[in-house]
Amino acid sequence: MAIPRAFVTPYRRLLQKRTIDAPPTVILWWGTLGYAGKVTAGDLHAVDNLSKALAARGHAHAILSHPELGLEGHLNLDDVFALRRTISRIIFVCGPLLDRSFLRDFLAVHPRARKYAVGVSIMPNQDRMTERFDAIVARDGAAESHFDLAPHGIAATMSPSLNPPRRVGLCLRGAQGEYGPGRRSEHEKAERLFAETIRRHGFDVHAIDTELAPGQGPEQIAGRFAEADLILTTRMHGALLGLAMGRPVIAIDQIPGTAKVTAVLRRVGWPMTFEAATVTQADIDAAVDSIGSSDIRSALAAAQEQVERLSGAAIDHAADVIVAP
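Numbering (the numbering used here), first residue to last: 169 to 493.
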């Protein structure tokens, strides 16, 4: 029987029977909610990378995932609120750190557990959520930011693309409201610029959706990146996964104030990164024309190396913070 929405939180916190055992440390992520969590391939890469680092340190843990994702090696549960209150460490991994009832309730159900958020974006209007964590290893949005956990390990299997751009992967984020009314998403302008770029250059274009879906797992998504000569994107993971795979990327940060995409890519030193508020069609055309030049080829190899190094360092730092006594 479905629980009325108004009673979900009291039921989770006070009434639900807790009958399932888990290791003392659990990893929570948007994939815990299944496809409803709008979970992406980048989220999954981040979770798996952190899990490997914890395992290498001999730290027993479980990744809490919804069964519909079909992820081998994860603790697949329809309802994580059925876990017994024996958890001592909760780690939330990847994505914006948002005040959502699922996350808020799970943290409240385990009041004695230490709570960590790693590989997350700190949002300007989400203080009530960030204050619930004992330690945060942020990828962006904080005074001390590290890097995203997702792209580590990809570069080892991919060489930089040297092909003239004909096949283009278009990876769009769409409208964003999580940054609050003070930072209006400029997605429409970014998408218009990319559409005109595709028209002018006659590119063969295919869409890349990084969200996991039935029939679209991480391998299928990686294949879409790999078959492209150029990635046009407004997504942070669209840019990072593209660079990790050695694909040149033209990225537009559609949130005013360099909220995420620009902040992360500047650390990599990738030159073809623009802010939607100021970018022009001439800027995008010039970026396309520069692909294949010796400067961009060198920048691509350097960016691929930087993505791998920074991501690996962030994973190690996060794991060390978690396992510390």
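Note that CB positions come from ideal geometry on N, CA and C, so glycine has one too. Since the model is a prediction, treat every value here as computed from it, not as a measurement.
Inter-residue spacing [alpha-carbon to alpha-carbon] between residue i and residue j
i	j	result
Asp267	Val286	16 Å
Val336	Ile322	20 Å
Gln388	Ile376	10 Å
Ile188	Asp451	55 Å
Gly202	Leu398	30 Å
Asn331	Gln384	26 Å
Val288	Trp438	21 Å
Gly309	His405	16 Å
Ser462	Thr177	57 Å
Phe157	Arg272	No information on residue 157 is available, as it lies outside the stretch 169 to 493 that the chain covers here.
Thr193	Thr448	48 Å
Gln184	Pro382	30 Å
Met326	Gly414	6 Å
Arg434	Asp421	11 Å
Ser313	Gln294	17 Å
Ser219	His485	13 Å
Ser479	Ala487	12 Å
Val373	Phe362	11 Å
Phe270	Ser353	25 Å
Cys339	Ile459	18 Å
Ile290	Thr298	8 Å
Pro416	Glu395	12 Å
Pro292	Tyr284	19 Å
His355	Tyr179	39 Å
Trp198	Ala318	14 Å
Ala358	Ile255	44 Å
Within 8 Å, strictly: CB atoms of residue i and residue j
i	j	result
Arg477	Thr402	no
Arg307	Val475	no
Ala445	Pro424	yes
Val248	Ala482	no
Pro328	Phe371	no
Arg253	Arg186	yes
Ala276	Ala230	no
His234	Thr200	yes
Leu182	Phe274	no
Val135	Ala224	This structure leaves residue 135 out entirely; the chain is present only between 169 and 493.
Leu245	Leu232	yes
Phe393	Leu380	no
Val456	His320	no
Leu400	Thr365	yes
Leu411	Val436	yes
DSSP three-state assignment for residue i, whether helix, strand or coil
i	result
Asn217	helix
Ser479	helix
Gly205	helix
Leu408	helix
Arg210	Note on residue identity: the sequence assigns Gly, not Arg, to residue 210. The answer is helix: DSSP assigns Gly210 an H, G or I state.
His320	coil
Leu443	Before going on, a small fix: residue 443 reads as Glu here, not Leu. Three-state DSSP puts Glu443 in a strand.
Ala492	coil
Leu237	helix
Ser313	strand
Ala227	Note on residue identity: the sequence assigns His, not Ala, to residue 227. Looking at His227 - three-state DSSP - the assignment turns out to be coil, as it is neither helix nor strand.
His369	helix
Ile420	strand
Lys283	strand
Asp302	coil
Leu271	helix
Leu222	helix
His278	coil
Arg307	strand
Thr193	strand
Gln384	strand
Thr177	helix
Buried or exposed by the 16-neighbour rule on C-beta atoms within 10 Å, applied to residue i
i	result
Gly263	buried
Asp316	buried
Glu240	exposed
His242	buried
Arg296	exposed
Arg367	exposed
TODO: Say whether the region 213 to 230 touches the region 269 to 283, bearing in mind that this needs 3 or more beta-carbon pairs closer than 8 Å, one atom from each stretch.
DONE: No, the region 213 to 230 does not touch the region 269 to 283.
Task: Any 3 or more C-beta pairs closer than 8 Å across the region 458 to 477 and the region 194 to 209 - done: The region 458 to 477 vs the region 194 to 209: no contact.
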